[in-house]
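What follows is one structure encoded as structure tokens, with my remarks underneath.
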Amino acid sequence: MINKINSVEVIMKYILVLLIILNSKTVYFGIINNTLTQYAFISFFIVGLIFFKISARAIKINLIRFILMSTFIAINVLFHFSNMGSGHFKIVIIFLINIAIMSVIRSQFTNFSFANTYVNLMSLIAIISLICFGLAVFSPETATKLVTSFGNGVDNKYFLSPFYMWGWGRIATRNAGPFWEPGAFQAFIVIAVLMILLVLLPNTKSKAKMNRLKIQFFIFCVTILTTQSTTAYLLFILLSAVFIKDVKRLFLYNAPKKSQLLKGFVVFVLVFAGIYYVISSNNIENKLAGRGNEYSSVEIRMNDTIESVKLIGEGGAFGLGKTYYTKVMEQQRGVINNSNGLLNLIYTYGIFFAVAYIGFYKKGIDSFFSIKNSKKKYFLYLIFIVFHFTEGLYWLSFFLFFLFESKKHKY
182 MINKINSVEV
192 IMKYILVLLI
202 ILNSKTVYFG
212 IINNTLTQYA
222 FISFFIVGLI
232 FFKISARAIK
242 INLIRFILMS
252 TFIAINVLFH
262 FSNMGSGHFK
272 IVIIFLINIA
282 IMSVIRSQFT
292 NFSFANTYVN
302 LMSLIAIISL
312 ICFGLAVFSP
322 ETATKLVTSF
332 GNGVDNKYFL
342 SPFYMWGWGR
352 IATRNAGPFW
362 EPGAFQAFIV
372 IAVLMILLVL
382 LPNTKSKAKM
392 NRLKIQFFIF
402 CVTILTTQST
412 TAYLLFILLS
422 AVFIKDVKRL
432 FLYNAPKKSQ
442 LLKGFVVFVL
452 VFAGIYYVIS
462 SNNIENKLAG
472 RGNEYSSVEI
482 RMNDTIESVK
492 LIGEGGAFGL
502 GKTYYTKVME
512 QQRGVINNSN
522 GLLNLIYTYG
532 IFFAVAYIGF
542 YKKGIDSFFS
552 IKNSKKKYFL
562 YLIFIVFHFT
572 EGLYWLSFFL
582 FFLFESKKHK
592 Y
């Protein structure tokens, strides 16, 4: 009976974490079928309350954080109530619901159990993406037979399958996984790599599980390279340097000296080959020189950042709100679908909310990854700052997870 309960609990955990990922703006589930996915997410969350034990310590901390953030959002809504339409209210309400849900979910998971479930799911998503990416590159005619299109006009038309984004108006040769663009996919993959090195590796003793982590790490590294994302490439180089000892531990742990030398050489060759590919691709050089492809632009990101800073000044302590007026102000400044998520957060919901959000985020990252080395800790902060500066991620379910505290892991 206990084994059956445990099996059901494991299955429920995988379903819930998968829904967290799918609800985080995957194109097929999180954009096109957003309402259905949100309902499924809420439904499984409610069912999960029956199966998962909640940490009393964590839920007290997390509810306090939720109450404080929701208070600032409520004040923001009161200030801008008259300029909000039904669509704006829906966005804010869903934002609050997802914050509340994630505060409880993190209270149900230990860092290890969430990381283990997430890494396993992202490994599967990465493998699917690599297969589809291979078809897009080597057999686009086959890929064309597998896609459906969504949207009006060439520029806004998605070519997609449920678990893979094939392109925008045509079959693309960049790996976006199931997400709206490659730069977003790489953020989910890089975090999976960090979970392997900083959460799973220190708590894994089994040789079989260690070998699985090695395979997953390799899959993620290859996937990162196929995104052709400038952000991913820069982070790949820095991550290789900062966490090189953790990578060596992953591949050389408990190995004989001769085996260590051979494995160490293989790891060095793979890392060098990856870095060489990044440099030789000229992706970083082209992007910094303003020669990016049609899906990315330095000029757009720079404009988003500069104009967002100006909007923060106008929004002040309680923000501009989610209103028609805010949308008009953005459009007047050439800000369309703001790529700078962090600054968008500040001018939309206000400086007070942003201070609370950023402060809780730091604490959540500290408690999840538990890094004592200050250099690694600051680099970890830098990674999340880069993610939030280059993509609109702050309201996605998966990234809201890091606002809160987890259950304690029993070793």
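Residues 182 to 592 (my numbering) are what the sequence shown spells out, left to right.
Backbone N, C-alpha and C define an ideal beta-carbon position, used for all residues, glycine too.
message: Between the region 514-531 and the region 317-329, can you find at least three pairs of beta-carbon atoms closer than 8 Å?
response: no
task: Please go through the same chain and pick out, in chain order, the residues whose beta-carbon is closer than 7 Å to the beta-carbon of Ser304, but skip the five residues on each side of it.
output: Gln397 and Ile400
- request: Would you mind working out which of Gly545, Gly268 and Thr323 sits nearest Phe565, comparing C-alpha positions?
  value: Gly545
field: Residue nearest to Leu302 in terms of C-alpha spacing, selected from Phe247, Val191 and Ile493
entry: Val191
message: Tell me the DSSP secondary structure of Tyr339 in three-state form.
response: Here Tyr339 sits in strand by DSSP.
field: Segment contact, 8 Å Cβ cut-off, at least three pairs: the region 282-301 with the region 193-201
entry: yes
- prompt: What residue does the alpha helix (DSSP H) around Ser251 start on, and which one ends it?
  reply: Ala237 to His261
query: Does the Cβ-Cβ distance between Leu584 and Ile280 come in under 9 Å?
result: Yes, these two residues count as a Cβ contact at 9 Å.
field: Among Lys390, Phe424, Ile235 and Lys241, nearest to Ser555 - alpha-carbon criterion
entry: Phe424
task: Please classify Gly334: does DSSP put it in a helix, a strand, or coil?
output: Because the pLDDT at Gly334 is just 49, under 50, the model does not fix this residue reliably, and the value given afterwards should be weighed accordingly. Secondary structure at Gly334: coil, using DSSP grouped into helix, strand and coil.
field: Where the beta strand (DSSP E) containing Met346 begins and where it ends
entry: Tyr345 to Trp349
- prompt: Mind checking Ser551: buried by the 16 CB within 10 Å criterion, or exposed?
  reply: Here Ser551 is exposed, its C-beta having fewer than 16 other C-beta atoms within 10 Å.
task: Check whether the Cβ atoms of Gly522 and Asn484 lie closer than 9 Å to each other.
output: no
- prompt: Using DSSP with H/G/I as helix, E/B as strand and the rest coil, what is Lys558?
  reply: helix
query: If we ignore side chains and look at the alpha-carbon of each, how far apart do Phe541 and Lys241 end up?
result: 14 Å
query: Under three-state DSSP, which class holds Met193?
result: helix
- request: May I have the straight-line CA-CA distance separating Lys588 from Ser284, to the nearest angstrom?
  value: In a straight line, the C-alpha of Lys588 is about 11 Å away from that of Ser284.
query: Which whole-angstrom value describes the C-beta separation of Ala498 and Met250, a residue pair presumed to lie in contact below a C-beta threshold of 8 Å?
result: That pair is no contact at about 15 Å.
- prompt: Taking the alpha-carbon positions, what's the Thr218 to Val318 distance?
  reply: Straight-line Cα distance between these residues: approximately 30 Å.
Proximal residues to His261 (C-beta, below 6 Å), its chain only, five neighbours per side dropped: Gly502 and Thr504
- prompt: Just curious, the alpha helix (DSSP H) that Ser578 is in, first and last residue?
  reply: Ser578 to Leu581
- prompt: Would you call Val228 buried or exposed, if buried means 16 or more other Cβ atoms sit within 10 Å of its Cβ?
  reply: Exposed, since its Cβ has fewer than 16 Cβ neighbours within 10 Å.
Cβ-based burial, Ser205 [other Cβ within 10 Å; buried from 16]: buried
task: Below 6 Å CB to CB, which residues in the same chain sit around Val374 once its five sequence neighbours on both sides are set aside?
output: Phe401
task: Keeping to the same chain, check which residues put their C-beta closer than 6 Å to that of Phe142; ignore five residues upstream and five downstream.
output: Because residue 142 is not part of the residues shown, which for the chain are 182 to 592, the question remains open.
- prompt: Below 9 Å between beta carbons: does that hold for Tyr506 and Leu341?
  reply: no
query: Does the Cβ of Glu511 have 16 or more other Cβ atoms within 10 Å, making it buried, or fewer, making it exposed?
result: buried
- request: Could you check what DSSP says for Leu492 in three-state terms: helix, strand or coil?
  value: helix
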